Amino acid sequence: MSTLKNHVQLIGNVGQEPTITNLESGKKVARFSLATNEFYKNTNGEKTQNTEWHTVVAWGKTAEIIEKYAGKGKEIGVTGKLKSRSYEDKDGIKRYVTEVEANEILLLGTKNGNNSAD
8 MSTLKNHVQL IGNVGQEPTI TNLESGKKVA RFSLATNEFY KNTNGEKTQN
58 TEWHTVVAWG KTAEIIEKYA GKGKEIGVTG KLKSRSYEDK DGIKRYVTEV
108 EANEILLLGT KNGNNSAD
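Under my numbering, the first residue of the sequence shown is numbered 8, with each subsequent residue one higher.
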């Protein structure tokens, strides 16, 4: 049960090409945005779509999979946990960020209608 304390599962589309960084330690880190869509009927009975954007970070082997197979528009599933951090921007203002730290990626759908993994 302890794994349920901070557990996130999302299915969505990669918003832009992931940014891959190779660290001095030899480890890779991938950062990308993920769009999740929710559909519902509004008060007038019209079908409405709400899109939420999530920042996802992945390390090591998971980052390598993202680099190879998870390009812009690709539908993927992400399992991980929420991580919060803060930093100072160039103007010295403290900023707070909450990201999904992915530990597992599931490749879904096709990229641009092509079934092959590039």
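Idealized CB from N, CA, C, for every residue including glycine.
Source: prediction; values computed, not measured.
Original post:
With DSSP run on the structure shown, which of helix, strand or coil describes V11?
Top reply: The residue asked about is misnamed: residue 11 is Leu in this sequence, not Val. Of the three classes helix, strand and coil, the one that applies to L11 here is helix, per DSSP.
Original post:
Helix or strand or just coil, what does DSSP make of T4?
Top reply: This structure cannot settle anything about residue 4, because the visible part of the chain is limited to 8 through 125.
Subject >> Through-space distance from N57 to E82, alpha-carbon basis >> reply: 17 Å
Original post:
What did DSSP end up calling K75 once you bin it into helix, strand or coil?
Top reply: Under the three-state reduction of DSSP, K75 is assigned to helix.
Original post:
In or out: G52 buried (at least 16 other Cβ within 10 Å) or exposed?
Top reply: exposed
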